[in-house]
Amino acid sequence: MRGWTPLVGVQFEYSLVERSAERELLPMAESLGLAALLWSPLAGGLLTGKYRVGEKGRLEGMGRVIRTEKTAHDTQIVDAVLLATKELGRTPAEVALAWTRERARRASTAVIPIIGPRTVEQLDNNLSALDIAFPDELYDRLDQVSSINLGVPFEVNLETYPKLLGGDLSRVDVPITKAI
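Here it is, written out as structure tokens:
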């Protein structure tokens with residue numbers, strides 16, 4: 041294939057607040073052996089909790105690109121991250137990035153968060169997330185609170201599979217049973 045460069049990775053937004061890539065993009069990357077480069081793993085600062093205390097951060101200048109707590113689900117996720125910071129004695133950014141790192145460890149392909157610190161202090165804090173041994177229970181709790189609805193066609197398929205497969209799912213590999 042002269043002149044073509046092989047595709048080796050895909051890039052998309054992914055964080056505890058934005059997990060819609062689990063519907064199709066992450067499974068595609070894993071099945072094709074593509075790296076997944078995740079932008080905005082701190083949801084534009086939302087997961088740090090700083091907007092709750094009046095900091096402007098990236099809200100100024102980047103406008104609608106940056107996430108805010110628009111839904112009760114967003115609030116539950118930020119609350120869970122802030123609770124985890126107390127349990128681990130770490131900052132919210134460290135916790136959110138450590139969760140993403142643990143998610144990457146469990147993936148079958150390279151999953152690489154793209155960090156965007158604006159100061160050396162933020163960079164040091166982001167990198168310190170590499171030192172966190174993330175407990176399974178905490179990973180599961182954050183995974184649960186931030187889970188997404190699979191949507192169509194996945195939820196329809198989940199309802200239909202038992203009937204189509206004669207009621208005994210143990211005899212076949214069901215392609216998807218929940219959000220990854």
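Quick note, the sequence shown lines up with residues 41 to 220 if you use the working numbering.
Ideal Cβ positions, reconstructed from N, Cα and C, are used throughout, including at glycine.
### Task
Report yes or no: do the segment 124–133 and the segment 201–210 share at least 3 C-beta pairs separated by less than 8 Å?
no
### Query
Helix, strand or coil for tryptophan 44 per DSSP?
coil
### Query
How do the segment 190–199 and the segment 147–163 stand: do at least 3 beta-carbon pairs fall below 8 Å, yes or no?
no
### Task
On a CA-only basis, which of Arg141, Asp208 and Leu86 is nearest glutamate 58? Give me that one, please.
Leu86
### Query
In chain order, which continuous runs of the beta strand (DSSP E) of length 3 or greater are located wholly inside the segment 52–98?
75–79
### Message
Taking 9 Å as the threshold (beta carbon to beta carbon), is glycine 84 in contact with chain D?
### Response
In summary, chain D is missing from the structure at hand, where a single protein chain is found.
### Query
Which value, in whole angstroms, describes the spacing of the CA atoms of lysine 110 and alanine 150?
31 Å
### Message
Count Cβ pairs between the segment 74–89 and the segment 171–182 that sit closer than 8 Å; are there 3 or more?
### Response
no
### Query
Which stretch, first to last residue, makes up the alpha helix (DSSP H) that contains isoleucine 117?
112–128
### Message
Considering only the alpha carbon of each residue, which of Ala75, Arg92 and Leu163 lies closest to alanine 144?
### Response
Here the closest residue by C-alpha is Ala75.
### Task
On a CA-only basis, which of Arg181, Val196 and Glu142 is nearest proline 81? Give me that one, please.
Glu142
### Query
Bridge partners of valine 50, per DSSP?
Ala76
### Task
Out of Arg146, Thr159, Leu170 and Trp139, point me to the one whose CA is closest to serine 55's CA.
Trp139
### threonine 45 versus aspartate 208 - alpha carbon distance
44 Å
#### Entry: Where alanine 219 sits in the DSSP three-state scheme
Low confidence applies to alanine 219: its pLDDT is 45, below 50, so where it sits in the model is not reliable, and the reading given next is rough at best. Correct three-state label for alanine 219: coil.
### Task
Compute the beta-carbon to beta-carbon distance between alanine 120 and leucine 182, rounded to the nearest angstrom, for a pair I have assumed lies under 8 Å.
6 Å
#### Entry: Of the residues Asn197, Phe194, Ala133 and Gln116, the one placed nearest leucine 167, counting alpha carbons only
Ala133
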